[in-house]
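Under numbering that gives the first Met the number 0, the residue at position 106 of the sequence shown is numbered 105, and the numbers go up by one with no gaps.
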Amino acid sequence: MNLISGIDVSASALNAQRTRLDIVAQNIANAHTTRGADGKAYQRQVVSFESELLRQTSAARNGAATQSVRVASIQADPTPGARIYDPQHPDADASGTVTMPNVNLAYEMVDLITATRAYEANLSVVKNARQMAMKTLEIGK
0 MNLISGIDVS ASALNAQRTR LDIVAQNIAN AHTTRGADGK AYQRQVVSFE
50 SELLRQTSAA RNGAATQSVR VASIQADPTP GARIYDPQHP DADASGTVTM
100 PNVNLAYEMV DLITATRAYE ANLSVVKNAR QMAMKTLEIG K
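In structure tokens, the structure reads:
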């Protein structure tokens, strides 16, 4: 694996983690949304990643295979939300209960921190690979 391949792998992971951060932010923002466009309570979204083997065909890469990370899917969490009794709520049903979103803010904060740390780690890899490339160019002078 050359430096460029390492940067490509980390760049794909950066994009994947950015998507994860966006989804976590969306979940947190909708933690109390009891009625969406479909008339139902917001459902927590979950990001799934997958590894992807890419075959590089350019002459510079000699047809070497490179791993990358990509978002496989973004799906709604099927866990039912809590039902609370609040007959005054505008979204209450005939029995006075309201279905709340299935978003747990503690879980979302853990997911946010995990995604942030993964993003930082991949950014560090890109920075270090860049520094190594610059040092390599200095050696050639």
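The beta-carbon is built from N, C-alpha and C at its ideal position, and this holds for glycine as well.
Q) Using the C-alpha atoms, what's the distance from residue 69 back to residue 17? A) 11 Å
Q) When the distance is taken between beta carbons, is residue 110 closer than 7 Å to residue 156? A) Any property of residue 156 remains undetermined from this structure, which presents the chain solely from 0 to 140.
Q. What's the C-alpha gap between residue 82 and residue 97?
A. 5 Å
Q. Can you tell me the Cα-Cα spacing of residue 101 and residue 95, whole angstroms?
A. 19 Å
Q. Candidates 20, 33, 36, 32: which alpha carbon is nearest residue 46's?
A. 20
Q. How long is the line joining the alpha carbons of residue 51 and residue 115, rounded to whole angstroms?
A. 22 Å
Q | According to DSSP, residues forming a beta bridge with residue 74 | A | 45
Q. Applying the criterion that 16 or more other CB atoms from any shown protein chain within 10 Å of the CB defines a buried residue, is residue 104 buried or exposed?
A. exposed
Q: Could you tell me whether the Cβ atoms of residue 8 and residue 72 are closer together than 7 Å?
A: no
Q: Quick one: measure Cβ to Cβ for residue 76 and residue 42, integer angstroms, because I've assumed they're closer than 8 Å.
A: 6 Å
Q. Do the CB positions of residue 121 and residue 12 come within less than 7 Å of each other?
A. yes
Q) Does the beta-carbon of residue 78 have 16 or more other beta-carbons within 10 angstroms, so that it is buried, or is it exposed? A) exposed
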